[in-house]
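First up is the structure itself, then whatever we jot down about it.
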Amino acid sequence: MLSNIVLQDTINGIKGITKCELTIVNLDGKVIASTKEDIAVSRHDIVSFAESQADYQEIRDMLYFKVYDDYQLEYIIIAQGADDPVMVGKLAAFQIRNLLVAYKEHFDKDNFIKNLILDNLLLVDVYNRAKKLHIDTDAKRTVFIMESDQNKDYSTLESVKSYFAKSKNDFITAVDEKSIIIIKELDESDGPEEMRAIASSIIDALGQGLKGNVRISYGNSVSEIREVSRSYKEARMALDVGKIFFEDLNVIAFSQLGIGRLIYQLPIPLCKMFIKEIFTSKSPDDFDEETLTTINKFFENSLNVSETSRQLYIHRNTLVYRLDKLQKSTGLDLRVFDDAITFKIALMVVKYMKYMETLDY
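Quick look at the structure:
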């Protein structure tokens, strides 16, 4: 159903050109939009005209026109006061009928896209419906998800749609309160750099106008319409994993998640068991800020003692002392690659468990 605002704008525009007064009523005789104030409409006249076989008819010096949607009567237009009210009425009926078709097509596409990304369609239905909606099934696409800390509103969605208005092959929709989904058609030559550039351009163009911290994630590119749901799941995982392990980034790709996406899929009981087995006496969560800073910097510098001590502005022997102290309390020597990997994974597991605890509340 078209909004009253759209209908009012349409007949205002037609009146501005033709000087004809137009009124749109529903089948119950209720005025939906009108260019004339305080117009009196007889419900009996509306019902009588609706039940007749005529497409238009003159009643009480006013011309009545029917507007159909797939052979079903949807609106009645009343025209009066023009040099050729018959022509104007037919024009208005034609315009509103086209608006109904366009709205219906958009609504059908939006429903199709939502069901597609949520895996609610059979494979045969995906291709059949895509064909009916004139959607290319073999185009290269990727899914972007834009999320803000605060709930989005209608204007946010419209802003994103306006940004992509030039491309009829892109689809913008939403399945929850905070995120907006963008299915972007790519050129065949587009790769990771181009996809990151697209995400960054969206942040630059729309991020400042949105409330709260804005993040964008995206999945791998796909070449068939049936694979769009996979790219959506990858983008969704990238968004969630990014909040845990890449909280400083506002653009995150599924391809850069690394071991974080494996940890994200672990059940919490298994994580707790792992931490308890590795750290029998002390959890990584119990270390003071100085120790954690030392550990993180040591990892950043690929276990290089000299470079780490230089960046921490401490003597090499001081760093060695800290690492020895850490080895005594945990049994892990970060200068040994296998121990360093174990410790790094443990830190990530603890971070993941903390994040999941916040979701429980």
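Position one of the sequence shown corresponds to residue 0 (numbering that gives the first Met the number 0), numbered consecutively onward.
Just so you know, even glycine gets a beta-carbon here, dropped at the ideal spot from N, CA and C.
What you are looking at is a predicted structure, and each value in this text was computed from that prediction instead of being measured.
Task: Complete runs of the alpha helix (DSSP H) confined to the segment 173 to 241 [at least 4 residues] - done: 191 to 205
TODO: Please list, in chain order, all residues of the same chain as residue 338 whose beta carbon is under 7 Å from its beta carbon, the five residues on each side excluded.
DONE: In the sequence shown, counting from the first residue as 1, residue 338 sits at position 339. Here the set comprises 331 and 332.
Task: Beta-carbon proximity of residue 234 to residue 259, cut-off 7 Å - done: The sequence position of residue 234 within the sequence shown is 235, counting from 1. The sequence position of residue 259 within the sequence shown is 260, counting from 1. No, these two residues do not count as a Cβ contact at 7 Å.
Open item on the list: According to DSSP, residue 53 sits in a beta bridge with which residue or residues?
Closed with: The residue given as residue 53 occupies position 54 in the sequence shown. Per DSSP, none; premise fails for residue 53.
Open item on the list: Three or more C-beta pairs under 8 Å: does that hold for the segment 60 to 77 against the segment 94 to 102?
Closed with: yes
- [ ] For the beta strand (DSSP E) containing residue 71, list its first residue and its last residue.
- [x] Numbered from its first residue, the sequence shown carries residue 71 at position 72. Counting along the chain, the beta strand (DSSP E) containing residue 71 begins and ends at 71 to 79.
Task: Assumed close pair residue 89, residue 64 - CB separation to whole angstroms, cut-off 8 Å - done: Counting from 1 along the sequence shown, the entry for residue 89 is found at position 90. Counting from 1 along the sequence shown, the entry for residue 64 is found at position 65. Sure, about 7 Å apart at Cβ, within 8 Å.
TODO: Look at the Cβ atom of residue 91, then the Cβ atom of residue 26, and state whether they are nearer than 7 Å.
DONE: Sequence index remark: in the sequence shown, residue 91 carries index 92 (1-based). Sequence index remark: in the sequence shown, residue 26 carries index 27 (1-based). No, these two residues do not count as a Cβ contact at 7 Å.
Open item on the list: For residue 351, which residues in the same chain have their Cβ closer than 6 Å to its Cβ, ignoring the five residues on either side in sequence?
Closed with: Numbered from 1 along the sequence shown, position 352 holds the residue referred to as residue 351. Within the same chain, residue 351 has close Cβ partners 243 and 262.
Task: Coil, strand or helix - residue 360 by DSSP - done: For the purposes of this step, residue 360 is taken as residue 361 along the sequence shown, with counting starting at 1. Low local confidence applies: a pLDDT of 47 at residue 360 is under 50, so the model's placement there is unreliable, with the coordinate-based value given in what follows. In this structure, residue 360 counts as coil in the three-state DSSP scheme.
Task: Top-ranked residue by Cα proximity to residue 250, from 170, 145 and 230 - done: In the sequence shown, the residue the question calls residue 250 occupies position 251. Per the Cα distances, 145.
Task: Continuous beta strand (DSSP E) stretch holding residue 21: start and end - done: To locate residue 21, count along the sequence shown from 1; it is residue 22. Counting along the chain, the beta strand (DSSP E) containing residue 21 begins and ends at 20 to 24.
- [ ] Go through the segment 108 to 147 residue by residue and report every complete run of the beta strand (DSSP E) that reaches 3 residues or more, in order.
- [x] 140 to 147
Open item on the list: Could you check whether the segment 129 to 142 touches the segment 165 to 184, counting it as contact only if at least three pairs of C-beta atoms, one from each stretch, sit closer than 8 Å?
Closed with: yes
TODO: Please confirm whether residue 300 and residue 307 have their CB atoms less than 7 Å apart.
DONE: Along the sequence shown, read from residue 1 onward, the residue named residue 300 stands at position 301. Along the sequence shown, read from residue 1 onward, the residue named residue 307 stands at position 308. Yes, the pair counts as a contact, with Cβ atoms nearer than the cut-off.
Open item on the list: Here's the rule I'm using: 16 or more other beta-carbon atoms within 10 Å means buried, otherwise exposed. How should residue 39 be labelled?
Closed with: Reading the sequence shown from its first residue, position 40 is the one you call residue 39. Counting Cβ neighbours within 10 Å, residue 39 comes out exposed, since fewer than 16 surround it.
Open item on the list: Quick check on DSSP: helix, strand or coil for residue 305?
Closed with: Here residue 305 is taken as the residue at index 306 of the sequence shown, counted from 1. Here residue 305 sits in helix by DSSP.
TODO: From the DSSP output, in three-state form, read off residue 91 for me.
DONE: By 1-based counting over the sequence shown, the position of residue 91 is 92. Here residue 91 sits in helix by DSSP.
- [ ] Look at the Cβ atom of residue 296, then the Cβ atom of residue 311, and state whether they are nearer than 7 Å.
- [x] For the purposes of this step, residue 296 is identified with residue 297 of the sequence shown, where counting begins at 1. For the purposes of this step, residue 311 is identified with residue 312 of the sequence shown, where counting begins at 1. Contact flag set, yes.
Task: As assigned by DSSP and simplified to three states, the class of residue 29 - done: As a position in the sequence shown, residue 29 is number 30, starting the count at 1. Three-state result, residue 29: coil.
- [ ] Would you please state the rounded distance, in angstroms, between the beta carbons of residue 55 and residue 62? I believe it to be under 8 Å.
- [x] As a position in the sequence shown, residue 55 is number 56, starting the count at 1. As a position in the sequence shown, residue 62 is number 63, starting the count at 1. 6 Å between Cβ atoms; contact.
- [ ] Could you check the C-alpha separation between residue 400 and residue 129 for me, to the nearest Å?
- [x] The first residue shown for the chain is 0 and the last is 360, placing residue 400 beyond what the model contains.
Task: For residue 297, the first and last residue of its enclosing beta strand (DSSP E) - done: Here residue 297 is taken as the residue at index 298 of the sequence shown, counted from 1. Segment 288 to 299 is the alpha helix (DSSP H) holding residue 297; no beta strand (DSSP E) there.
TODO: Please confirm if residue 167 has its CB atom under 7 Å from at least one CB of chain B.
DONE: Considering every chain present, this structure includes no chain B. It has just one protein chain.
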